[in-house]
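Going by the working numbering, the sequence shown wraps up at 249, each residue one higher than the last.
Beta carbons are placed, not taken as given, at the ideal position from N, Cα and C, and that holds for glycine.
First the structure, in the form of C-alpha cells, and then the observations on it.
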Amino acid sequence: MASFKQLQEHDSIDNAYTNKAVVYLESEEDLQIMKERWFFDEGKEIEFKSVDSGEGGGCTQVINRVKSERDKGMSAFGIVDRDILMKKEKWDLWWEIDDQKFKQAKPFGDYIFVLRRWEIENYLLSPEELEIVLSDKAFRSRQEIEVVIQNLLKEAEDLKVLSAALIISHQYGQTFSTGFGFKKTGEVLQKQVENHLSTQIQSNDMSQQLINYVQKIEAFAEGNNELTRKRWERLNRML
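Written out as C-alpha cells, the structure reads:
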C-alpha cells in the first residue's frame, strides 16, 4: 500500500497538470456530499478531494494540504467544519452569531472556508429531505412540511442540551460515549447530562454552566421563537 506521503506526491503531480481548482475536504463522507450531491455539474472547473487516505483526515490535514499545494503555486482551497473553531479554541468566533462577521473572520487564511454549521452534515437536515427519508423508512405518507418543522424544533430542545454538553466536555478534555442519552428526553435527559458532566469533570457548577451554554446556543435562533423554518435554520448552525 502506498504511504500517505506517496499519495500526497501523486496528488500534487496530478494537480499540477490540471486547470481545475482543487478543494480539499476533511473526509470521504464530506467528499461524497460535495461531489455527488451538490456540485456534480462543476467537474470541469472544480475538483473535490478528501485528505483522508485511510490514515485519518480532519481539519488540520486540510489546512496543511492547502498550504503545501499553495506553496507549489497550485490553485488549492479547503473547506472545514465549524467545529474546527472548538478544536482550535477560537471561542469568540465559535460563538459568533452574525454570519457576515463570521465569514469575514477567515481565521485560517483566505483559502480555508469555515462552514457556518457545526458539520457539513448539518446542511443535509432540511425538513423536506428528512421527511422523504423518514416517511420511506416508516412506509407512511409524507407529512406537511409545517408539521415536520414543528417536530424538528421539538427535537432541537434536547439537541441544544446535548450540544451544550459536548462543548463543555471538549473544554475539559472529556468525551461522551456513543449513544449517550438515547431515548432520553426533556428533564430526564438534562439530569442525566448534568450527572455525567459532574462525574466526569468533578465540578459543582456543571448544572449552571450547562444552562448558560444552552442559552448561548438558543441565541443563534436570533429571536425567532415561533416554530418556523427560519428558527430551525438558525439553530441548526449549532446542533
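#1: With contact counted as at least three CB pairs below 8 Å, one residue from each stretch, are the segment 117-125 and the segment 84-93 in contact?
#2: Find the nearest neighbour of Trp128 within the set Lys59, Cys69 and Val33, judged by alpha-carbon distance.
#3: Compute the Euclidean distance between the alpha carbons of Glu57 and Ile130, then round it to the nearest angstrom.
#4: Could you pull out every residue in the same chain whose Cβ sits closer than 6 Å to the Cβ of Glu243, ignoring the five residues on either side in sequence?
#5: Do Ala231 and Arg239 have their beta-carbon atoms positioned less than 8 Å apart in this structure?
#6: Using the rule of at least 16 other Cβ atoms within 10 Å of the residue's Cβ for burial, across every protein chain shown, is Asp102 buried or exposed?
#7: Put Tyr34 into one of helix, strand or coil per three-state DSSP.
#8: So the candidates are Gly233, Leu237, Val171 and Glu236; which of them puts its Cα closest to the Cα of His206?
#9: Excluding the five sequence neighbours on either side, which residues of its own chain have a C-beta within less than 7 Å of the C-beta of Glu236, listed in chain order?
#10: What is the rounded straight-line gap between the Cα of Val33 and the Cα of Asp215?
#11: Is Leu35 closer than 8 Å to Val72 when the C-beta atoms are compared?
#12: DSSP state of Glu57, grouped into three classes?
#13: Just checking my contact of Glu55 with Lys30 at CB under 8 Å: how many whole Å lie between their CB atoms?
#14: Ignore the nearest five residues each way along the sequence and tell me which others in Gln16's own chain have a CB closer than 7 Å to its CB.
#15: Reducing DSSP to helix, strand and coil, say where Gly68 ends up.
#16: Count the other CB atoms within 10 Å of the CB of Gln42; is the residue buried (16 or more) or exposed (fewer)?
#17: Measure the C-alpha to C-alpha separation of Glu78 and Met84 and round it to an integer number of angstroms.
#18: Looking at the secondary structure, which residues open and close the alpha helix (DSSP H) in which Ile221 lies?
#19: Phe118: buried (16+ other C-beta within 10 angstroms of its C-beta) or exposed?
#20: Measure the Cβ-Cβ separation of Met248 and Ser173 and say whether it is below 8 Å.
#21: Compute the distance between the beta-carbons of Val203 and Leu220, then report whether it is under 8 Å.
#22: Could you check what DSSP says for Met11 in three-state terms: helix, strand or coil?
#23: Go ahead and label Gln212 buried or exposed: buried means 16 or more other beta carbons lie within 10 angstroms of its beta carbon, across all protein chains shown.
#24: Leaving out five residues on either side along the sequence, give the residues of the same chain with a beta carbon under 7 Å from the beta carbon of Ile23.
Put simply:
#1: With the cut-off at 8 Å, the segment 117-125 and the segment 84-93 touch.
#2: As a working note, residue 128 is residue 118 in the sequence shown. Ranking the options by Cα distance to Trp128, first place goes to Cys69.
#3: For the purposes of this step, residue 57 is taken as residue 47 along the sequence shown, with counting starting at 1. For the purposes of this step, residue 130 is taken as residue 120 along the sequence shown, with counting starting at 1. Straight-line Cα distance between these residues: approximately 18 Å.
#4: Here residue 243 is taken as the residue at index 233 of the sequence shown, counted from 1. Excluding residues up to 5 positions away in sequence, nothing lies with its Cβ nearer than 6 Å to the Cβ of Glu243 in the same chain.
#5: Within the sequence shown, the letter at position 229 stands for residue 239. Within the sequence shown, the letter at position 221 stands for residue 231. The answer is no: Cβ separation not under 8 Å.
#6: For the purposes of this step, residue 102 is identified with residue 92 of the sequence shown, where counting begins at 1. Exposed, because fewer than 16 other Cβ atoms sit within 10 Å of the Cβ of Asp102.
#7: As a working mapping, residue 34 is identified with position 24 in the sequence shown. Strand at Tyr34.
#8: On the sequence shown, residue 206 is found 196 positions in, with the first residue counted as 1. Checking every option, the nearest Cα to that of His206 belongs to Val171.
#9: Indexing the sequence shown from 1 puts residue 236 at position 226. Cβ within range, chain order: n/a, list empty.
#10: Residue numbering aside, residue 33 sits at position 23 when the sequence shown is read from its first letter. Residue numbering aside, residue 215 sits at position 205 when the sequence shown is read from its first letter. When the Cα atoms are used, Val33 and Asp215 turn out to be separated by approximately 43 Å.
#11: For the purposes of this step, residue 72 is taken as the residue at position 62 of the sequence shown. For the purposes of this step, residue 35 is taken as the residue at position 25 of the sequence shown. Yes, these two residues count as a Cβ contact at 8 Å.
#12: Taking the first residue of the sequence shown as 1, we reach residue 57 at position 47. In the displayed model, Glu57 falls within a strand according to three-state DSSP.
#13: As a position in the sequence shown, residue 55 is number 45, starting the count at 1. As a position in the sequence shown, residue 30 is number 20, starting the count at 1. The Cβ separation is near 6 Å, so the contact holds.
#14: Here residue 16 corresponds to residue number 6 of the sequence shown, with the count starting at 1. Because the pLDDT of Gln16 is 48, which lies under 50, any placement of that residue in the model is unreliable, and the number read from its coordinates should be weighed accordingly. Closer than 7 Å at the Cβ level, and outside the excluded window around Gln16, lies no residue.
#15: Counted from its first residue, the sequence shown places residue 68 at position 58. Residue state, collapsed to three classes: coil.
#16: Against the sequence shown, residue 42 aligns to sequence position 32. So Gln42 ends up on the exposed side.
#17: Start at 1 with the first residue of the sequence shown, and residue 78 comes out as number 68. Start at 1 with the first residue of the sequence shown, and residue 84 comes out as number 74. Checking the sequence, you will find Ser at residue 78 rather than Glu. Rounded to whole angstroms, Ser78 to Met84 spans 9 Å at the Cα level.
#18: Along the sequence shown, read from residue 1 onward, the residue named residue 221 stands at position 211. Ile221 -> alpha helix (DSSP H) spans Met216 to Glu228.
#19: Position 108 of the sequence shown, counted from the first residue, corresponds to residue 118. Buried.
#20: In the sequence shown, counting from the first residue as 1, residue 248 sits at position 238. In the sequence shown, counting from the first residue as 1, residue 173 sits at position 163. Yes.
#21: Here residue 203 refers to the residue found at position 193 of the sequence shown. Here residue 220 refers to the residue found at position 210 of the sequence shown. A Cβ-Cβ contact shorter than 8 Å links Val203 with Leu220.
#22: Taking the first residue of the sequence shown as position 1, residue 11 is located at position 1. Annotation note: pLDDT 40 at Met11 (below 50); position unreliable, coordinate value reported separately. Three-state result, Met11: coil.
#23: By one-based count along the sequence shown, residue 212 stands at place 202. With fewer than 16 other Cβ atoms from the protein chains shown falling within 10 Å of its own Cβ, Gln212 counts as exposed.
#24: As a working note, residue 23 is residue 13 in the sequence shown. For Ile23, the pLDDT reaches just 44, beneath the cut-off of 50, and the residue's location in the model is therefore unreliable, although a value from the coordinates is still provided. By the criterion of a C-beta distance shorter than 7 Å, Ile23 is surrounded by no residue of its chain, once the five residues flanking it on both sides are discounted.
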